[in-house]
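Novice: Numbering of the sequence shown is given in the working numbering, commencing with residue 154 and proceeding in unit increments.
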Amino acid sequence: ETTMDIIDKLTDAIKTKKITDPKDVKGELKLIIEEILTNDNSTLDVSHSPSIIVMVGVNGVGKTTSIGKIANRMKNAGKKVILVAGDTFRAGATEQLVEWGKRIDVPVVTTSSKDPSAAVYDGIDTAIKGEYDVVLIDTAGRLQNKVNLMNELSKMNKVIKKVIPDAPHEVLLVVDATTGQNGIQQAKAFKEVTDVSGIILTKLDGSAKGGIVLAIKEEVDIPVKFVGLGEGTDDLEPFDIEKYIYGLFKDL
154 ETTMDIIDKL TDAIKTKKIT DPKDVKGELK LIIEEILTND NSTLDVSHSP SIIVMVGVNG
214 VGKTTSIGKI ANRMKNAGKK VILVAGDTFR AGATEQLVEW GKRIDVPVVT TSSKDPSAAV
274 YDGIDTAIKG EYDVVLIDTA GRLQNKVNLM NELSKMNKVI KKVIPDAPHE VLLVVDATTG
334 QNGIQQAKAF KEVTDVSGII LTKLDGSAKG GIVLAIKEEV DIPVKFVGLG EGTDDLEPFD
394 IEKYIYGLFK DL
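As C-alpha coordinates, this is what we get:
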(Lines of atoms letter the chains of each structure in order from A and count residues from 1; the text may use other names and numbers.)
(Lines give C-alpha, C1' and ligand atoms only; values in the text may rest on other atoms or scores of the structure.)
Protein backbone atom coordinates (compact mmCIF):
# COMPACT_ATOMS: atom_id res chain seq x y z
CA GLU A 1 0.00 0.00 0.00
CA THR A 2 2.75 2.42 0.97
CA THR A 3 4.74 1.67 -2.19
CA MET A 4 1.70 2.29 -4.39
CA ASP A 5 0.96 5.53 -2.53
CA ILE A 6 4.55 6.76 -3.02
CA ILE A 7 4.45 5.86 -6.75
CA ASP A 8 1.18 7.79 -7.17
CA LYS A 9 2.67 10.86 -5.46
CA LEU A 10 5.82 10.58 -7.57
CA THR A 11 3.83 10.25 -10.82
CA ASP A 12 1.81 13.36 -9.91
CA ALA A 13 4.97 15.32 -9.07
CA ILE A 14 6.61 14.36 -12.39
CA LYS A 15 3.54 15.58 -14.32
CA THR A 16 3.02 18.75 -12.26
CA LYS A 17 6.67 19.80 -12.29
CA LYS A 18 7.19 18.55 -15.88
CA ILE A 19 10.27 16.53 -14.85
CA THR A 20 12.13 14.93 -17.78
CA ASP A 21 15.55 14.09 -16.34
CA PRO A 22 15.64 10.75 -14.46
CA LYS A 23 18.16 12.25 -12.01
CA ASP A 24 15.49 14.72 -10.86
CA VAL A 25 13.06 11.87 -10.21
CA LYS A 26 15.35 10.56 -7.48
CA GLY A 27 15.36 13.99 -5.82
CA GLU A 28 11.57 14.10 -5.97
CA LEU A 29 11.34 10.63 -4.42
CA LYS A 30 13.57 11.80 -1.55
CA LEU A 31 11.26 14.75 -0.93
CA ILE A 32 8.19 12.47 -0.77
CA ILE A 33 9.90 10.14 1.72
CA GLU A 34 11.05 13.11 3.82
CA GLU A 35 7.48 14.43 3.84
CA ILE A 36 6.14 11.09 5.13
CA LEU A 37 8.67 11.02 7.96
CA THR A 38 8.83 14.67 9.03
CA ASN A 39 6.70 16.13 11.82
CA ASP A 40 7.46 12.98 13.73
CA ASN A 41 8.08 13.29 17.41
CA SER A 42 10.87 10.76 17.42
CA THR A 43 12.47 11.88 20.68
CA LEU A 44 11.82 9.92 23.86
CA ASP A 45 9.97 11.77 26.62
CA VAL A 46 12.04 11.42 29.80
CA SER A 47 11.20 14.84 31.21
CA HIS A 48 9.18 13.51 34.17
CA SER A 49 10.45 12.37 37.51
CA PRO A 50 10.16 9.43 37.31
CA SER A 51 9.43 8.88 33.60
CA ILE A 52 7.43 5.69 33.15
CA ILE A 53 8.11 3.78 29.92
CA VAL A 54 6.11 0.63 29.11
CA MET A 55 7.55 -1.77 26.54
CA VAL A 56 5.20 -3.95 24.47
CA GLY A 57 5.63 -6.40 21.59
CA VAL A 58 5.25 -10.06 20.68
CA ASN A 59 7.74 -12.67 21.88
CA GLY A 60 10.96 -13.06 19.93
CA VAL A 61 11.29 -9.51 18.58
CA GLY A 62 14.05 -8.50 21.00
CA LYS A 63 11.93 -6.70 23.60
CA THR A 64 13.95 -7.60 26.69
CA THR A 65 17.21 -6.90 24.86
CA SER A 66 15.86 -3.49 23.75
CA ILE A 67 14.92 -2.67 27.36
CA GLY A 68 18.48 -3.48 28.44
CA LYS A 69 19.94 -1.35 25.64
CA ILE A 70 17.70 1.65 26.41
CA ALA A 71 18.46 1.33 30.13
CA ASN A 72 22.18 1.29 29.34
CA ARG A 73 21.80 4.33 27.10
CA MET A 74 19.87 6.25 29.79
CA LYS A 75 22.37 5.29 32.45
CA ASN A 76 25.26 6.51 30.29
CA ALA A 77 23.37 9.80 29.88
CA GLY A 78 23.44 10.23 33.67
CA LYS A 79 19.90 9.01 34.42
CA LYS A 80 19.10 6.84 37.42
CA VAL A 81 17.27 3.84 35.89
CA ILE A 82 15.24 0.95 37.28
CA LEU A 83 13.78 -2.05 35.39
CA VAL A 84 10.51 -3.84 36.16
CA ALA A 85 9.98 -7.50 35.20
CA GLY A 86 6.32 -7.33 34.19
CA ASP A 87 6.40 -10.36 31.86
CA THR A 88 5.28 -13.11 34.23
CA PHE A 89 3.93 -15.22 31.36
CA ARG A 90 6.99 -16.28 29.36
CA ALA A 91 9.27 -18.80 31.03
CA GLY A 92 12.66 -17.23 31.65
CA ALA A 93 11.58 -13.64 30.89
CA THR A 94 12.27 -12.39 34.43
CA GLU A 95 15.64 -14.18 34.55
CA GLN A 96 16.63 -12.64 31.21
CA LEU A 97 15.83 -9.14 32.47
CA VAL A 98 17.66 -9.75 35.76
CA GLU A 99 20.68 -10.89 33.73
CA TRP A 100 20.57 -7.62 31.74
CA GLY A 101 20.31 -5.68 34.99
CA LYS A 102 23.50 -7.33 36.26
CA ARG A 103 25.30 -6.72 32.97
CA ILE A 104 24.62 -2.97 32.95
CA ASP A 105 24.47 -2.55 36.75
CA VAL A 106 20.83 -1.42 36.95
CA PRO A 107 18.37 -2.72 39.59
CA VAL A 108 15.46 -4.97 38.53
CA VAL A 109 12.16 -5.25 40.43
CA THR A 110 10.58 -8.72 40.19
CA THR A 111 7.52 -10.42 41.68
CA SER A 112 6.89 -13.95 42.92
CA SER A 113 3.21 -13.43 42.01
CA LYS A 114 1.82 -14.32 38.57
CA ASP A 115 0.24 -10.87 38.47
CA PRO A 116 2.53 -8.44 36.62
CA SER A 117 0.71 -5.47 38.18
CA ALA A 118 2.28 -6.40 41.54
CA ALA A 119 5.76 -5.93 40.04
CA VAL A 120 4.66 -2.68 38.38
CA TYR A 121 3.34 -1.22 41.64
CA ASP A 122 6.50 -2.23 43.55
CA GLY A 123 8.70 -0.87 40.76
CA ILE A 124 7.07 2.58 40.68
CA ASP A 125 6.95 2.74 44.48
CA THR A 126 10.69 1.90 44.63
CA ALA A 127 11.40 4.48 41.90
CA ILE A 128 9.62 7.27 43.77
CA LYS A 129 11.23 6.43 47.13
CA GLY A 130 14.68 6.00 45.55
CA GLU A 131 14.33 9.13 43.37
CA TYR A 132 14.87 7.26 40.11
CA ASP A 133 14.60 9.15 36.80
CA VAL A 134 13.39 6.39 34.47
CA VAL A 135 11.28 3.25 35.02
CA LEU A 136 11.34 0.71 32.14
CA ILE A 137 8.55 -1.89 32.37
CA ASP A 138 8.68 -5.20 30.49
CA THR A 139 5.32 -6.79 29.56
CA ALA A 140 4.09 -10.16 28.28
CA GLY A 141 4.27 -10.53 24.51
CA ARG A 142 1.25 -12.64 23.68
CA LEU A 143 -0.91 -11.32 20.87
CA GLN A 144 -2.69 -14.58 20.04
CA ASN A 145 -5.28 -13.89 22.73
CA LYS A 146 -5.91 -10.16 22.42
CA VAL A 147 -8.50 -10.16 25.24
CA ASN A 148 -5.94 -11.40 27.81
CA LEU A 149 -3.37 -8.90 26.59
CA MET A 150 -5.88 -6.06 26.66
CA ASN A 151 -6.99 -6.92 30.19
CA GLU A 152 -3.42 -7.21 31.41
CA LEU A 153 -2.27 -3.90 29.89
CA SER A 154 -5.44 -2.17 31.05
CA LYS A 155 -4.90 -3.37 34.64
CA MET A 156 -1.25 -2.33 34.46
CA ASN A 157 -2.24 1.14 33.25
CA LYS A 158 -4.69 1.53 36.13
CA VAL A 159 -1.99 0.59 38.65
CA ILE A 160 0.45 3.07 37.07
CA LYS A 161 -2.14 5.89 36.98
CA LYS A 162 -3.12 5.28 40.60
CA VAL A 163 0.43 6.25 41.61
CA ILE A 164 1.28 8.70 38.77
CA PRO A 165 -1.90 10.03 37.08
CA ASP A 166 -0.23 11.26 33.86
CA ALA A 167 1.77 8.05 33.29
CA PRO A 168 2.79 6.00 31.37
CA HIS A 169 4.72 8.72 29.55
CA GLU A 170 5.75 6.44 26.71
CA VAL A 171 4.47 3.10 25.38
CA LEU A 172 7.10 1.69 23.03
CA LEU A 173 6.29 -1.15 20.66
CA VAL A 174 9.21 -3.36 19.66
CA VAL A 175 8.98 -4.67 16.08
CA ASP A 176 11.40 -6.95 14.22
CA ALA A 177 12.23 -5.16 10.94
CA THR A 178 12.77 -8.49 9.15
CA THR A 179 9.11 -9.53 9.52
CA GLY A 180 7.89 -7.02 6.92
CA GLN A 181 4.09 -6.94 6.56
CA ASN A 182 3.70 -9.02 9.71
CA GLY A 183 5.44 -6.23 11.65
CA ILE A 184 2.85 -3.76 10.34
CA GLN A 185 0.00 -6.09 11.41
CA GLN A 186 1.54 -6.28 14.90
CA ALA A 187 1.71 -2.49 15.08
CA LYS A 188 -1.97 -2.22 14.09
CA ALA A 189 -3.01 -4.87 16.62
CA PHE A 190 -1.09 -3.28 19.53
CA LYS A 191 -2.41 0.16 18.62
CA GLU A 192 -5.91 -1.27 19.17
CA VAL A 193 -5.13 -2.50 22.69
CA THR A 194 -2.85 0.25 24.01
CA ASP A 195 -1.80 3.83 23.33
CA VAL A 196 1.49 3.21 21.48
CA SER A 197 3.61 6.38 21.35
CA GLY A 198 6.64 5.09 19.48
CA ILE A 199 8.30 2.11 17.83
CA ILE A 200 11.67 0.44 18.30
CA LEU A 201 12.72 -1.36 15.13
CA THR A 202 15.14 -4.20 15.84
CA LYS A 203 17.40 -6.03 13.37
CA LEU A 204 17.59 -3.06 11.00
CA ASP A 205 21.22 -3.81 10.13
CA GLY A 206 20.41 -4.58 6.48
CA SER A 207 19.29 -1.91 4.00
CA ALA A 208 16.64 -4.05 2.25
CA LYS A 209 14.53 -4.11 5.44
CA GLY A 210 14.35 -0.34 5.83
CA GLY A 211 11.12 0.16 3.91
CA ILE A 212 9.11 -0.99 6.91
CA VAL A 213 9.86 2.38 8.56
CA LEU A 214 7.81 4.15 5.89
CA ALA A 215 5.04 1.56 5.92
CA ILE A 216 4.59 1.80 9.69
CA LYS A 217 4.48 5.60 9.53
CA GLU A 218 2.05 5.67 6.60
CA GLU A 219 -0.27 2.85 7.69
CA VAL A 220 -0.21 3.09 11.49
CA ASP A 221 1.03 6.66 12.02
CA ILE A 222 3.41 5.82 14.88
CA PRO A 223 6.91 7.36 14.82
CA VAL A 224 10.00 5.16 14.95
CA LYS A 225 12.01 6.32 17.99
CA PHE A 226 14.91 3.84 18.07
CA VAL A 227 16.52 1.37 15.71
CA GLY A 228 18.45 -1.74 16.71
CA LEU A 229 21.54 -2.32 14.58
CA GLY A 230 23.14 -5.39 16.12
CA GLU A 231 23.62 -7.56 19.19
CA GLY A 232 25.90 -5.35 21.30
CA THR A 233 24.86 -3.36 24.36
CA ASP A 234 25.31 -0.09 22.46
CA ASP A 235 23.71 -1.23 19.18
CA LEU A 236 20.55 0.82 19.63
CA GLU A 237 20.34 4.42 18.50
CA PRO A 238 17.72 7.12 18.04
CA PHE A 239 16.10 7.04 14.61
CA ASP A 240 17.72 9.64 12.36
CA ILE A 241 15.62 10.61 9.30
CA GLU A 242 18.57 12.07 7.34
CA LYS A 243 20.73 9.01 7.97
CA TYR A 244 17.85 6.70 7.08
CA ILE A 245 17.13 8.43 3.75
CA TYR A 246 20.85 8.46 2.91
CA GLY A 247 20.92 4.70 3.60
CA LEU A 248 17.96 4.11 1.25
CA PHE A 249 19.53 6.06 -1.62
CA LYS A 250 23.26 5.50 -1.24
CA ASP A 251 23.40 2.56 -3.70
CA LEU A 252 21.17 4.16 -6.36
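Every residue, glycine too, gets a C-beta built ideally from N, C-alpha and C.
Count the other CB atoms within 10 Å of the CB of residue 256; is the residue buried (16 or more) or exposed (fewer)?
Specialist: The residue given as residue 256 occupies position 103 in the sequence shown. The residue in question, residue 256, is exposed, as its Cβ has fewer than 16 Cβ neighbours within 10 Å.
Novice: Can you name, in chain order, every residue of its own chain whose Cβ lies under 6 Å from the Cβ of residue 312, other than the five neighbours on each side?
Specialist: Here the question's residue 312 lines up with position 159 in the sequence shown. Taken in chain order, the residues that qualify are 270, 273 and 274.
Novice: How big is the Cα-Cα spacing for residue 221 and residue 212?
Specialist: Walking along the sequence shown from the start, residue 221 turns up at place 68. Walking along the sequence shown from the start, residue 212 turns up at place 59. So the two alpha carbons sit approximately 16 Å from each other.
Novice: For residue 172, which residues from the same chain have a beta carbon less than 8 Å from its beta carbon, with the 5 sequence-adjacent residues on both sides left out?
Specialist: Counted from its first residue, the sequence shown places residue 172 at position 19. These residues qualify, in order along the chain: 166, 178 and 181.
Novice: Below 8 Å on the Cβ atoms is my contact criterion, and I expect residue 370 with residue 325 to pass it. Report the Cβ-Cβ distance as a whole number of Å.
Specialist: Residue 370 sits at position 217 when you count from the first residue of the sequence shown. Residue 325 sits at position 172 when you count from the first residue of the sequence shown. Incorrect: roughly 15 Å between the Cβ atoms, too far for contact.
Novice: For residue 354, count neighbouring C-beta atoms within 10 Å of its own C-beta (all shown protein chains included) and say buried if the count is 16 or more, exposed if not.
Specialist: On the sequence shown, position 201 is the one that residue 354 refers to. With 16 or more Cβ atoms within 10 Å of its Cβ, residue 354 is classed as buried.
Novice: What does DSSP give as the partner residues of residue 208 in its beta bridges?
Specialist: Position 55 of the sequence shown, counted from the first residue, corresponds to residue 208. The partner list for residue 208 (beta bridge, DSSP) reads 325.
Novice: Kindly indicate which three-state DSSP category residue 411 falls into: helix, strand or coil?
Specialist: The structure shown does not extend to residue 411, since the chain spans only 154 to 405, so no value can be given for it.
Novice: Per DSSP, residue 352 forms a beta bridge with which residues?
Specialist: On the sequence shown, residue 352 is found 199 positions in, with the first residue counted as 1. In the DSSP output, where bridge partners are listed per residue, residue 352 has 326 and 377.
Novice: Closest to residue 348 by C-alpha separation, out of 155, 156, 336 and 319, would be which residue?
Specialist: Here residue 348 refers to the residue found at position 195 when the sequence shown is read from its first residue. It is 319.
Novice: Helix, strand or coil for residue 289? Go by DSSP, reduced to three states.
Specialist: Translated into positions along the sequence shown, residue 289 becomes position 136. In the structure shown, residue 289 sits in a strand (DSSP, three-state: E or B).
Novice: Please confirm if the region 242-258 is in contact with the region 191-207, defined as three or more CB-CB distances below 8 Å between the two stretches.
Specialist: No contact exists between the region 242-258 and the region 191-207.
Novice: Going by beta carbon distance, what residues of the same chain come within less than 7 Å of residue 194, once the five residues before and after it are set aside?
Specialist: To locate residue 194, count along the sequence shown from 1; it is residue 41. Within the same chain, residue 194 has close Cβ partners 376.
Novice: Between 374, 277, 380 and 183, which has its C-alpha nearest residue 223's C-alpha?
Specialist: Within the sequence shown, residue 223 is the residue found at index 70, counting from 1. Closest option to residue 223, Cα to Cα, is 380.
Novice: Give the secondary structure of residue 214 by DSSP, where H, G and I count as helix, E and B as strand, and everything else as coil.
Specialist: Indexing the sequence shown from 1 puts residue 214 at position 61. Coil at residue 214, not helix or strand.
Novice: How many Å lie between residue 299 and residue 259 at the Cα?
Specialist: As a working note, residue 299 is residue 146 in the sequence shown. As a working note, residue 259 is residue 106 in the sequence shown. For residue 299 and residue 259, the distance between alpha carbons rounds to 32 Å.
Novice: Going by C-alpha distance, which of 233, 156 and 310 is nearest residue 186?
Specialist: What you label residue 186 is simply residue 33 of the sequence shown in a count that begins at 1. Selected option, being the one with the closest Cα: 156.
Novice: Could you say which of 337, 334, 287 and 350 lies nearest to residue 229 if we only look at CA atoms?
Specialist: As a working note, residue 229 is residue 76 in the sequence shown. For residue 229, the nearest C-alpha among the options comes from 287.
Novice: Is residue 418 near residue 351, with beta carbons less than 8 Å apart?
Specialist: Summary: the structure shown does not reach residue 418, with the chain confined to residues 154 through 405, and so no result is reported for it.
Novice: From the DSSP output, in three-state form, read off residue 259 for me.
Specialist: By 1-based counting over the sequence shown, the position of residue 259 is 106. In the structure shown, residue 259 sits in coil (DSSP, three-state: anything other than H, G, I, E or B).
Novice: Taking residue 395 as part of the alpha helix (DSSP H), name the residues at either end of that continuous run.
Specialist: In the sequence shown, residue 395 corresponds to position 242, counting from 1. That run of the alpha helix (DSSP H) goes 394-402.
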